[in-house]
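Novice: Residues 1 to 572, numbered by the UniProt record's numbering, are exactly what the sequence shown covers, in order. Note that CB positions come from ideal geometry on N, CA and C, so glycine has one too.
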Amino acid sequence: MNGGSLGLRTGSYGLLQNINRAIAGGEISKSLSNVRKSSTKMLSGIREKERPLPNAWYRYIGCRKFSMLLLIAFALLVFALGSFVVNKDSTSPNVLQRIGTLGIVPYVNGGHHEASQILGEKDKKKDENRFQIPAFKGASVLPFHHPCANFTFPPPPPPTRRRLGPRPCPVCYLPVDQAIASMPSSSSASPVLHNLTYVLNENPIKSEPHGGSDFGGYPSLKQRNDSFDIKESMAVHCGFVKGSKPGHGTGFDFDESDLAELQQFHDIIVASAIFGNYDIIQHPQNISEEAKKNIPFYMFVDEETEAFMKNRSILSSSKRVGLWRIVVIHNVPYSDARRNGKVPKLLLHRIFPNVRYSIWIDGKLQLVVDPYQVLERFLWRQNANFAISRHYRRFDVFVEAEANKAAGKYDNSSIDEQVDFYKKEGLTPYSEAKLPITSDVPEGCVLIKEHIPITNLFTCLWFNEVDRFTSRDQLSFAIVRDKIMTKVDWSINMFLDCERRNFVIQSYHRDLLEQMPPPVPAVVRRPPALPNTRGKTPGKRIPRRGRDRRSGSRRHRKAAASNREQFLLNAV
């Protein structure tokens, strides 16, 4: 396979059709010319017939002719506008300049974007060109011969077919063999920081009023501030402060057999976690034989989740469920299952010290694209070493904090304390001054990372914020990123959330799935018996059958489906 494959998820309610080929092949223009020819023939036939007709008929056909001309003119106008949009999109040197703009978000997600809150209506046109900036400044222009060099997003659907809310969009992936060939032979250079070690402390003591834990080591505010002063060699707090090595007497402990396996070398791993029996395990799909052979899939679970899986005969002595290798965690450091999940999410480099690349996906997500293709698309092709998607709607930390409070995601006073602390440190609402950074709020359920010192430092310091303040990692992402970026020439590839939804499918947490009303069972209806009219009085009502009876059943099924959809919307 020589060309790039267009990632379109089947069965998704938000798919965009791939009409680029039709446009490039001239099929639309050919069909329009056929319409013109047929319309011309029709009009000429009308002219020939209208002469011998009476005046009344002449006027009637004249009106039809005028209507036809008006219709053709309207069609030409729509075609011209559509061509303008497509041509405007295809003028970008590569897909990065297309997806790196704030202006694409309303088209991709079908909703109103807050860019109008940043730029006044009068300044939108003036600053339009300034928004045509790649989201990741380290990205390079694709060579002309690259299979995805000419890839552009198709035009948006008409307003009548546009659905509000998040949905996937097309992504151009390389075939698996070409993606594997694109893997760098050596690690990326880490700016400034070359040697990163971690603090060990057998007896951590809390000395300041802010949060923290024994597992995190209670770093002081001075130690926190010093950790943002990037040097060639650094030692920082990064969890697992007790014990000789992560997972051995540190809290978040592994079995001895698992410890040995986690020390092995791998080019790539995929990891996820379920704590507190909070999610249902999701099985990856569309995984190549090369990935099944060379890329291990690790699922971290606590003892509660392990017990549930054994009781349901999901987990056997092999410790494997499909592609997932189950790793049981003992002595979890936190009482909050979601906070425990942040340990493997942000500290994979500590659990897997000999791994080059990792893909983290939350337990509620199902991976549906090969890991080689994901890494090629979002890291290797972009010359990036860390990638995460931006939130599909919110890009300001202060707005995100209010949304978390409104949804009851965490204690409101704790959220306010964290945001006030960041304000004192200089965090401001997002504005155009941060360009080319296009968002301060990630959709943090997927992390794509190369394990090098600078990215390891970033996730260590991000974890320390989660350990010190609330577990809502969206609130602490921007402050850590910005502090590091002020010290070294480094940035993060924040790609569109609709692209993330192309390679992972999001499910609901177990508690929501258990609350959902069961689907209405299908009613088996037998053909009605022929009515026996003998001996019956005239005028007696005969029961409905055929189309009338089925239509009532259809209405019942539609009503049940709409009730189910309404429940899901209320749950979200």
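Span of the alpha helix (DSSP H) holding residue 380?
Specialist: First-last for residue 380: undefined, no H or E at that position.
Novice: Given a cut-off of 8 Å on the beta-carbon distance, is the pair residue 484 and residue 379 in contact?
Specialist: For residue 484 and residue 379, no; Cβs fall outside 8 Å.
Novice: Suppose only complete runs of 4+ residues qualify. What are the alpha helix (DSSP H) ranges in the region 187 to 265, listed by chain order?
Specialist: Qualifying alpha helix (DSSP H) stretches, in chain order: 221 to 226, 256 to 262.
Novice: If we define contact as Cβ-Cβ less than 8 Å, is residue 424 a contact residue for chain C?
Specialist: In the structure shown, chain C cannot be found, because there is only a single protein chain.
Novice: Give the range of the alpha helix (DSSP H) segment to which residue 476 is assigned.
Specialist: 473 to 485
Novice: Less than 8 Å between the C-beta atoms of residue 453 and residue 185, yes or no?
Specialist: Contact: no.
Novice: Using DSSP bridges, identify the partner residues of residue 449.
Specialist: 358, 386
Novice: Go ahead and label residue 476 buried or exposed: buried means 16 or more other beta carbons lie within 10 angstroms of its beta carbon, across all protein chains shown.
Specialist: buried
Novice: For a quick check, are the C-beta atoms of residue 389 and residue 494 less than 8 Å apart?
Specialist: yes
Novice: Buried or exposed for residue 331, going by 16 or more other Cβ atoms inside 10 Å?
Specialist: exposed
Novice: Kindly indicate which three-state DSSP category residue 173 falls into: helix, strand or coil?
Specialist: Note: residue 173 maps to strand in three-state DSSP.
Novice: With C-beta atoms as the reference, is residue 279 less than 8 Å away from residue 409?
Specialist: no
Novice: Output the distance between the C-alpha atoms of residue 328 and residue 156, rounded to the nearest integer angstrom.
Specialist: One C-alpha to the other measures close to 46 Å.
Novice: How many Å lie between residue 432 and residue 313 at the Cα?
Specialist: 54 Å
Novice: Report the partner residues of residue 320 according to the DSSP bridge assignment.
Specialist: 325
Novice: Can you give the Cα-Cα distance for residue 368 and residue 496, rounded to whole angstroms?
Specialist: 17 Å
Novice: Quick check on DSSP: helix, strand or coil for residue 121?
Specialist: Caution is warranted here: a pLDDT of 39 is assigned to residue 121, below 50, making its placement in the model unreliable, and no coordinate value can be reported.
Novice: Looking at the strands, I want to know which residues DSSP matches up with residue 372.
Specialist: Per DSSP, none; premise fails for residue 372.
Novice: Quick one: what does DSSP say residue 286 is sitting in, helix, strand or coil?
Specialist: coil
Novice: Determine which residues share a DSSP beta bridge with residue 366 and list them.
Specialist: 505
Novice: Tell me whether residue 464 is buried or exposed, calling it buried when 16 or more other Cβ atoms sit within 10 Å of its Cβ.
Specialist: buried
Novice: Could you check which residue in 230, 455, 468, 399 has the C-alpha nearest to that of residue 209?
Specialist: 468
Novice: Taking residue 292 as the reference, which of 352, 176, 456, 232 has the closest Cα?
Specialist: 176
Novice: Tell me the DSSP secondary structure of residue 149 in three-state form.
Specialist: In the three-state DSSP reduction, residue 149 falls in the coil class, being neither helix nor strand.
Novice: Going by C-alpha distance, which of 305, 303, 284, 302 is nearest residue 295?
Specialist: 284
Novice: Count the CB pairs spanning the region 260 to 277 and the region 338 to 355 that are closer than 8 Å, and state whether there are at least three.
Specialist: yes
Novice: Quick one: measure Cβ to Cβ for residue 451 and residue 301, integer angstroms, because I've assumed they're closer than 8 Å.
Specialist: Incorrect: roughly 23 Å between the Cβ atoms, too far for contact.
Novice: Between residue 265 and the rest of its own chain, which residues show a CB-CB distance below 6 Å, the 5 nearest in sequence each way excluded?
Specialist: 354
Novice: Whose C-beta lies closer than 8 Å to the C-beta of residue 229 among residues of the same chain, with five residues either side of it excluded?
Specialist: 487
Novice: For the candidate residues 224, 199, 201, 352, whose alpha-carbon lies nearest to that of residue 211?
Specialist: 224
Novice: Count the other CB atoms, across all protein chains shown, that sit within 10 Å of the CB of residue 141; report buried if there are 16 or more and exposed otherwise.
Specialist: Under this definition residue 141 is an exposed residue.
Novice: How should residue 67 be labelled, buried or exposed, when 16 other C-beta atoms within 10 angstroms of its C-beta is the threshold for buried?
Specialist: exposed
Novice: I need the straight-line Cα distance from residue 443 to residue 411, nearest angstrom please.
Specialist: 20 Å
Novice: Spatial neighbours of residue 417 within its chain, please: CB distance less than 8 Å, with the 5 preceding and 5 following residues excluded, ordered by chain position.
Specialist: 469
Novice: Bridge partners of residue 268, per DSSP?
Specialist: 357
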